[in-house]
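Remarks on the structure that follows.
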């Protein structure tokens, strides 16, 4: 779900539910699900996380998802390609600090189905499963910072992997990150540590930690931040401050009223997790998916 390197807060009992309150922003968009069987030969190669993912992943027309090995990284991937000849634009999806847990899988299934219906290839990166990490990265400390560094390398390896395939539009590879993954996305948008050819065309960061480096650095990649007004894990105010000081490529922040951390996940709530509040918000989630596609189309070349 969440995760970033930020201020310490009083730890609350994990999993305890808060009192329910009406949450209204936009008209709720109730998401449906369907069953999409994986090919047996693909399932044989997948980790436990991957097999669990198969149970919730569904695309337009139930297109098959393939577990892939990404060279030069320990991360694994789940690739889905639309029908047709291509080449297609592509989106890399980067999970939060809890990895591909059940709620993230369900939320990503909706994201992938939406992107797939819009003609995008999707590649979900699993940075933690192959490294045998659970949600330890959610604990503030060295594990979180180490993951922040190697996940940048994972993302660059994903770009190179996608560009090696003729069905991918190599000039239009985008990235979406949630929470810790969003923090990584922001760093990639300002980092000069990688060749220009390994950069993403545009980026979307869901409820990221907007750190000091992102507040002052010049962006080379357009970034859209989607965050909740009620987020007590990665405060929206920091991202709004970053928007005021942003230089270089476009940087925009959309704040959703009454939305908490992990608002794009169909998880109900609000709940307490690692001392912070997490909750789904159907209206904000539906609007965010539309904005993500529009951002990629605005800053893409296809």
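Residue numbers (my numbering): -5 to 296.
Quick reminder that beta carbons are idealized off the backbone N, C-alpha and C, glycines included.
Residue 96 to residue 293, Cα distance in whole Å? In the chain shown, counting from the first residue as 1, residue 96 sits at position 102. In the chain shown, counting from the first residue as 1, residue 293 sits at position 299. Approximately 32 Å between the Cα atoms of the pair.
Under 8 Å: do the region 97 to 110 and the region 139 to 156 share three or more Cβ pairs, one atom per stretch? Using a C-beta cut-off of 8 Å, the region 97 to 110 makes no contact with the region 139 to 156, since fewer than three inter-stretch Cβ pairs fall below that distance.
Taking its Cβ as the centre, do 16 or more other Cβ atoms sit within 10 Å of residue 78, making it buried, or is it exposed? If you number the chain shown from 1, residue 78 lands on position 84. With fewer than 16 other Cβ atoms from the protein chains shown falling within 10 Å of its own Cβ, residue 78 counts as exposed.
Among 131, 59, 166, which residue has its Cα nearest to the Cα of residue 80? For the purposes of this step, residue 80 is taken as the residue at position 86 of the chain shown. Among 131, 59, 166, the Cα nearest to that of residue 80 belongs to 166.
Rounded to a whole number of angstroms, what is the C-alpha to C-alpha distance between residue 63 and residue 179? For the purposes of this step, residue 63 is taken as the residue at position 69 of the chain shown. For the purposes of this step, residue 179 is taken as the residue at position 185 of the chain shown. If you draw a straight line from the Cα of residue 63 to the Cα of residue 179, it is about 21 Å long.
Could you tell me which uninterrupted beta strand (DSSP E) segments, each at least 3 residues in length, are contained entirely in the region 71 to 122, listed from first to last along the chain? Runs of the beta strand (DSSP E) spanning 3 or more residues and lying entirely within the region 71 to 122 occur at 82 to 88, 115 to 120, in chain order.
So the beta strand (DSSP E) residue 286 belongs to, where does it begin and stop? Counting from 1 along the chain shown, the entry for residue 286 is found at position 292. It is not in any beta strand (DSSP E) - residue 286 instead sits in the alpha helix (DSSP H) that spans 276 to 293.
Proximity test, residue 160 beta-carbon vs the ligand SAH heavy atom, cut-off 7 Å: Questions concerning the ligand SAH fall outside what the structure shown contains, since it holds no ligand whatsoever.
Where DSSP assigns a beta bridge to residue 172, which residues make up the other side? Stepping through the chain shown from its first residue, residue 172 is reached at position 178. In the DSSP output, where bridge partners are listed per residue, residue 172 has 200.
Proximity winner among 275, 235, 189, relative to residue 251 (alpha-carbon distances): Numbered from 1 along the chain shown, position 257 holds the residue referred to as residue 251. Selected option, being the one with the closest Cα: 275.
Using DSSP bridges, identify the partner residues of residue 221. To locate residue 221, count along the chain shown from 1; it is residue 227. Beta-bridge pairing links residue 221 to 249.
Assuming residue 253 and residue 223 are in contact, meaning their beta carbons sit under 8 Å apart, how far apart are those beta carbons, in whole angstroms? The count along the chain shown starts at 1 and reaches residue 253 at position 259. The count along the chain shown starts at 1 and reaches residue 223 at position 229. The pair is a contact, with the Cβ atoms about 6 Å apart (cut-off 8 Å).
For residue 270, the first and last residue of its enclosing beta strand (DSSP E): As a first step, residue 270 is located in the chain shown; it is residue number 276 there, counting from the start. First-last of the beta strand (DSSP E) with residue 270: 270 to 272.
Quick one, are the C-beta atoms of residue 159 and residue 193 less than 8 Å apart? By 1-based counting over the chain shown, the position of residue 159 is 165. By 1-based counting over the chain shown, the position of residue 193 is 199. The answer is no: Cβ separation not under 8 Å.
Can at least three beta-carbon pairs, one atom from the region 278 to 292 and one from the region 219 to 236, be found at a separation below 8 Å? When C-beta atoms of the region 278 to 292 are compared with those of the region 219 to 236, three or more pairs fall below 8 Å, so the two segments count as touching.
Please name the residue in 135, 110, 144 whose C-alpha comes closest to that of residue 120. By 1-based counting over the chain shown, the position of residue 120 is 126. Relative to residue 120, the option among 135, 110, 144 whose CA is nearest is 144.
With H, G and I counted as helix, E and B as strand and the rest as coil, what does DSSP make of residue 188? Stepping through the chain shown from its first residue, residue 188 is reached at position 194. DSSP places residue 188 in coil when its eight states are reduced to three.
If you check the beta carbons only, do residue 210 and residue 239 fall under 8 Å apart? Indexing the chain shown from 1 puts residue 210 at position 216. Indexing the chain shown from 1 puts residue 239 at position 245. Yes, the Cβ-Cβ distance between residue 210 and residue 239 is below 8 Å.
DSSP has residue 167 in a bridge; who is on the other side? Stepping through the chain shown from its first residue, residue 167 is reached at position 173. Under the DSSP definition of a beta bridge, residue 167 partners with 84.
The beta strand (DSSP E) enclosing residue 131, as first and last residue numbers: Translated into positions along the chain shown, residue 131 becomes position 137. Judged by DSSP secondary structure, residue 131 falls outside any beta strand (DSSP E); it is assigned neither H nor E.
Whether residue 114 touches residue 82 by CB criterion (8 Å): The sequence position of residue 114 within the chain shown is 120, counting from 1. The sequence position of residue 82 within the chain shown is 88, counting from 1. It is a contact, given that the beta carbons lie within the stated cut-off.
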